[in-house]
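Count the sequence shown with the working numbering and you get residues 228 to 558, in order.
Everything below concerns the one structure shown next.
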Amino acid sequence: MKGIRVKFPRPGVVELEEYDVRDPGRGEVLIENDISLISSGTELTAFRGEFPRPSAWSEYVKYPFYPGYSCVGRVIKVGEGVKALEVGERVAAMGPHATHFIARAEDVVKVPETISSDAATFHTIASGVMNSVRLARVTLGEKVVVVGAGLLGQMAVQFSRLSGGFPVIAVDLYDLRLKLALASGATAVLNASREPLVEGVRRLVGEADVVFEVTGNPKVIPLAIKLVRSLGRLVILSSPRGPTTLDFHDEVNRPSRVILGTHFTSQPVVETPYNPWTRKRNTELFFSLLEAGIAKVKHLITHRYSIRDAPEAYKLISEKPGECLGVLLEY
Numbered sequence: 228m229k230g231i232r233v234k235f236p237r238p239g240v241v242e243l244e245e246y247d248v249r250d251p252g253r254g255e256v257l258i259e260n261d262i263s264l265i266s267s268g269t270e271l272t273a274f275r276g277e278f279p280r281p282s283a284w285s286e287y288v289k290y291p292f293y294p295g296y297s298c299v300g301r302v303i304k305v306g307e308g309v310k311a312l313e314v315g316e317r318v319a320a321m322g323p324h325a326t327h328f329i330a331r332a333e334d335v336v337k338v339p340e341t342i343s344s345d346a347a348t349f350h351t352i353a354s355g356v357m358n359s360v361r362l363a364r365v366t367l368g369e370k371v372v373v374v375g376a377g378l379l380g381q382m383a384v385q386f387s388r389l390s391g392g393f394p395v396i397a398v399d400l401y402d403l404r405l406k407l408a409l410a411s412g413a414t415a416v417l418n419a420s421r422e423p424l425v426e427g428v429r430r431l432v433g434e435a436d437v438v439f440e441v442t443g444n445p446k447v448i449p450l451a452i453k454l455v456r457s458l459g460r461l462v463i464l465s466s467p468r469g470p471t472t473l474d475f476h477d478e479v480n481r482p483s484r485v486i487l488g489t490h491f492t493s494q495p496v497v498e499t500p501y502n503p504w505t506r507k508r509n510t511e512l513f514f515s516l517l518e519a520g521i522a523k524v525k526h527l528i529t530h531r532y533s534i535r536d537a538p539e540a541y542k543l544i545s546e547k548p549g550e551c552l553g554v555l556l557e558y
């Protein structure tokens, strides 16, 4: 069987590639994709090639690069030893933008029938942000600032509010994202293209207990840390695209601020008493929150394309970032 997948052969170029779809091995399932979400921050960085070399970025993004990691589809074949999944079941998995892909059965999560595939496809981003908010230990009444209102930032707003953060301020350069952040639960927003970041946030909330940096721009980090109170936390939720310069005495040591990195991969592989919140369990919680109407993502979807029009989708995200947010690929 042949499939079609999205490919970045080199920076700035998107192609569709035909490939052979293999059968699942032991413990694996073959999934036919229904829909996938473009993770605009990570994938735009890979598409443009805007990262230092050598770096962890350059270890991850090797051309040709096959983007995508948040899919919803149907199981069409199961490998030997798979007992918990059956052919025909709708599932969520970390797969590429491709018509078909293989996943380990233990990493796949069933999607409840009450949840749309559109909403479920946010699962990878949601689980990663849940992990970040937990590690940040946002508590009732803490002032939270989310710098960067892309997809990750929107989820950070929602889960910070759910954890008791109040007020929760969203900062971005684009009015569309700020409008959506209000719908996500932000109590106030700041357009940093019109008002300086530090002055604007201090006007709104004074100093913050927790600041999430979600822009990916390393130049923002020295500004973001100035928003944090003494003994407060700066959480690097984005994957910064390069090094930055920081006066650790004046900005970290003397005010006793904490800098916390919270990458998606820091979710534990297995449940332990210390931390039971694996990616799979976070995904299941996200689905429960969607069912209950507590988590909301429908308003974040701005565009959808057929996989055959994927080059147009990346052109939109790259050239008009202020006019889009959640972009879906259909199969």
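Don't be surprised by glycine CBs; every beta carbon is placed ideally from N, CA and C.
- Following the DSSP letters along the chain, one finds leucine 271 in no beta strand (DSSP E) but inside the alpha helix (DSSP H) bounded by residues 267–275.
- In this structure, serine 263 lies away from leucine 527, with their beta-carbon atoms at least 7 Å apart.
- Taking C-beta separations shorter than 7 Å and ignoring five residues to either side along the sequence, the partners of proline 251 in its chain run Leu257, Lys304, Val305, Gly306 and Ile329, following chain order.
- If only complete runs of 4 or more residues are kept, the region 420–498 shows the alpha helix (DSSP H) at 424–432 and 448–451, in order along the chain.
- In its chain, beyond the 5 residues on either side, Leu417 have a beta carbon closer than 6 Å to the beta carbon of glycine 427.
- About 5 Å separates the Cβ atoms of threonine 326 and isoleucine 231, confirming a contact at the 8 Å cut-off.
- Apart from sequence neighbours up to five positions away, the residues of its chain that approach threonine 414 with a beta-carbon distance below 6 Å are Pro394 and Val395, ordered along the chain.
- One alpha carbon belongs to serine 387, the other to valine 360, and they sit about 6 Å apart.
- Nearest to arginine 481 by alpha-carbon distance, out of Pro495, Gly459, Leu403 and Tyr246, is Gly459.
- A distance below 7 Å between beta-carbons, with the five flanking residues on each side excluded, links isoleucine 544 to the following residues of its chain, in chain order: Ile265, Ser267, Leu271, Cys551 and Val554.
- If you look at isoleucine 521, you'll find it isn't in any alpha helix (DSSP H); DSSP assigns it neither H nor E.
- Here serine 297 is buried. Its C-beta has 16 or more other C-beta atoms within 10 Å.
- Closest by C-alpha distance to valine 462, out of Ser285, Gly276 and Val356, is Val356.
- Within the region 330–379, the complete beta strand (DSSP E) runs of at least 3 residues fall at 371–374.
- With contacts defined by Cβ atoms closer than 7 Å, proline 294 and valine 233 form a contacting pair.
- From the listed residues Arg456, Ser493, Leu405 and Val302, the smallest Cα separation to glycine 549 is found for Leu405.
- DSSP, read as helix, strand or coil, puts glutamate 244 in strand.
- Relative to serine 515, the option among His476, Val338, Ala283 and Lys542 whose CA is nearest is Val338.
- Lysine 507 sits buried, since 16 or more C-beta atoms from the chains shown fall within 10 Å of its C-beta.
- Under the 10 Å beta carbon count, tyrosine 401 is surrounded by 16 or more other beta carbons and is classified as buried.
- Within the same chain, and ignoring the five residues on either side of asparagine 509 in sequence, the residues whose Cβ sits closer than 6 Å to its Cβ are Ser354 and Met357.
- Apart from the 5 residues on each side of it in sequence, proline 449 sits with its Cβ closer than 6 Å to the Cβ of Leu473 in its chain, given in chain order.
- Counting every other CB atom within 10 Å of its CB across the protein chains shown gives glutamate 498 a total below 16, marking it as exposed.
- Counted as a single uninterrupted DSSP element, the alpha helix (DSSP H) harbouring glutamate 546 occupies residues 537–546.
- A Cβ-Cβ separation of about 11 Å leaves valine 384 out of contact with valine 398 under the 8 Å criterion.
- Among the bridge pairs identified by DSSP, aspartate 399 is matched with Asn418.
- Using a 10 angstroms sphere on the CB of isoleucine 521, the tally of other CB atoms stays under 16, which defines it as exposed.
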